[in-house]
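Engineer:
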Amino acid sequence: MALAPEKIRSFTLLGASGSGKTSLAEALLFAAGVTHRLGRVDEGSSILDQDPEELKRKISLSSKLQSLDYQGYRLYFADCPGFPDFAAEAAAPLAMLDAAVIVVDATVGVDVATKQFFQAAVAQKKPILFFINKMDKEHADFEKTLVAIQSQLSKHAHPVSLPIGAGPGFRGVLDLIDGRAFLYEKGQAVERPVPPEEAERFQAAQRRLIEEIAETDEALFERLAGGETLKKDDVLPRLIQDTED
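Take the sequence shown: its letters are residues 87 to 331, numbered as in the working numbering.
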């Protein structure tokens with residue numbers, strides 16, 4: 087049965103070589119049940135990078151278009167090369183698909199390639215999401231990476247989730263929109279209430295996010311300034327609109 091247009095989403099995965107775009111794509115396919123094993127680029131078991139040269143060099147050399155179904159939506163996405171010599175491969179998917187997800191390595195931050203992909207997405211007038219990746223690696227620094235994104239790319243980039251821990255201590259994420267946590271337990275992401283030790287950090291970040299959203303909407307700002315507590319249903323439509331704009 088054909089899906090209604092409003093149930094279809096498409097995006098391009100962009101980012102520097104080694105930022106983990108293909109690993110993220112592999113995880114999306116696995117989580118949605120499209121694949122039955124989690125392909126790993128560093129182990130040569132990637133479902134997406136099958137070219138002998140890709141397997142040898144452990145980098146993507148061409149763009150791959152994939153699709154998956156998730157919670158009633160059909161998602162189309164392109165995993166694009168990040169190596170400079172093959173960056174032109176991203177041009178066609180970026181023009182064709184609706185949005186851009188720029189993957190940033192939390193151990194590296196914003197580099198030249200990240201800036202170039204961001205500028206390309208801006209030139210195409212695409213909505214942009216940043217995905218801060220590799221939080222489980224040594225020297226991963228979420229706050230430093232976020233500040234770099236905000237200072238070098240877009241001051242309007244605001245987190246909708248926060249990591250719990252970093253490096254070997256990384257164990258999950260806080261969802262600022264729905265007010266919950268996902269903890270990594272026995273190889274699975276398990277939904278849990280926000281841990282007590284993370285409550286203060288969560289509340290402060292959620293408050294900042296709501297304030298940032300309200301500043302773009304006069305009616306919401308007046309309600310917030312009047313002392314009203316804004317809920318998810320109040321701010322989510324505006325967040326979506328701001329992202330699309």
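We put the beta carbon where it would ideally sit given N, CA and C, even for glycine. Only a predicted model underlies this, so the values are computations on that prediction, with no experimental measurement involved.
Take the Cβ of Leu89 as the centre, count every other Cβ of all protein chains shown within 10 Å, and call the residue buried at 16 or more, exposed below.
Structural biologist: Taking the sequence shown and counting its residues from 1, one reaches residue 89 at position 3. Under this definition Leu89 is an exposed residue.
Engineer: Could you spell out where the beta strand (DSSP E) holding Arg266 opens and where it closes?
Structural biologist: Your numbering for residue 266 matches position 180 in the sequence shown. From DSSP, the beta strand (DSSP E) with Arg266 extends over Arg266 to Glu271.
Engineer: Rounding to the nearest angstrom, what Cα-Cα distance links Ala192 and Ser103 in this structure?
Structural biologist: Numbered from 1 along the sequence shown, position 106 holds the residue referred to as residue 192. Numbered from 1 along the sequence shown, position 17 holds the residue referred to as residue 103. Near 13 Å, if we compare the C-alpha coordinates of Ser103 and Ala192.
Engineer: Rounded to a whole number of angstroms, what is the C-alpha to C-alpha distance between Leu124 and Pro254?
Structural biologist: As a first step, residue 124 is located in the sequence shown; it is residue number 38 there, counting from the start. As a first step, residue 254 is located in the sequence shown; it is residue number 168 there, counting from the start. About 20 Å.
Engineer: Is it true that the CB of Lys212 sits closer than 7 Å to the CB of Ala173?
Structural biologist: Translated into positions along the sequence shown, residue 173 becomes position 87. Translated into positions along the sequence shown, residue 212 becomes position 126. Result no, Cβ atoms of Ala173 and Lys212 do not sit closer than 7 Å.
Engineer: I want to know whether the region 297-305 touches the region 265-272 - three or more CB-CB distances under 8 Å.
Structural biologist: The region 297-305 vs the region 265-272: no contact.
Engineer: Does Glu334 pass the burial test, meaning 16 or more other C-beta atoms within 10 Å, or should it be called exposed?
Structural biologist: Outside the shown range of the chain, which is 87 to 331, sits residue 334, and nothing can be said about it.
Engineer: Under three-state DSSP, which class holds Ala250?
Structural biologist: In the sequence shown, counting from the first residue as 1, residue 250 sits at position 164. With the sequence shown as reference, residue 250 is identified as Ile, and Ala is not the correct amino acid for it. Of the three classes helix, strand and coil, the one that applies to Ile250 here is strand, per DSSP.
Engineer: Between Ala285, Ala199 and Thr329, which has its C-alpha nearest Val259's C-alpha?
Structural biologist: The residue you call residue 259 lines up with position 173 of the sequence shown. For the residues Ala285, Ala199 and Thr329, the minimum Cα distance to Val259 belongs to Ala285.
Engineer: Buried or exposed: Leu322, going by 16 or more other Cβ atoms within 10 Å of its Cβ?
Structural biologist: Counting from one through the sequence shown, the residue named residue 322 turns up at place 236. The residue is exposed, with fewer than 16 neighbouring Cβ atoms inside 10 Å.
Engineer: Kindly indicate which three-state DSSP category Asp171 falls into: helix, strand or coil?
Structural biologist: The sequence position of residue 171 within the sequence shown is 85, counting from 1. Residue state, collapsed to three classes: helix.
Engineer: Just checking my contact of Leu295 with Val246 at CB under 8 Å: how many whole Å lie between their CB atoms?
Structural biologist: Indexing the sequence shown from 1 puts residue 295 at position 209. Indexing the sequence shown from 1 puts residue 246 at position 160. That pair is a contact at about 7 Å.
Engineer: DSSP on Glu314, reduced to helix/strand/coil?
Structural biologist: Counting from 1 along the sequence shown, the entry for residue 314 is found at position 228. Coil, per DSSP.
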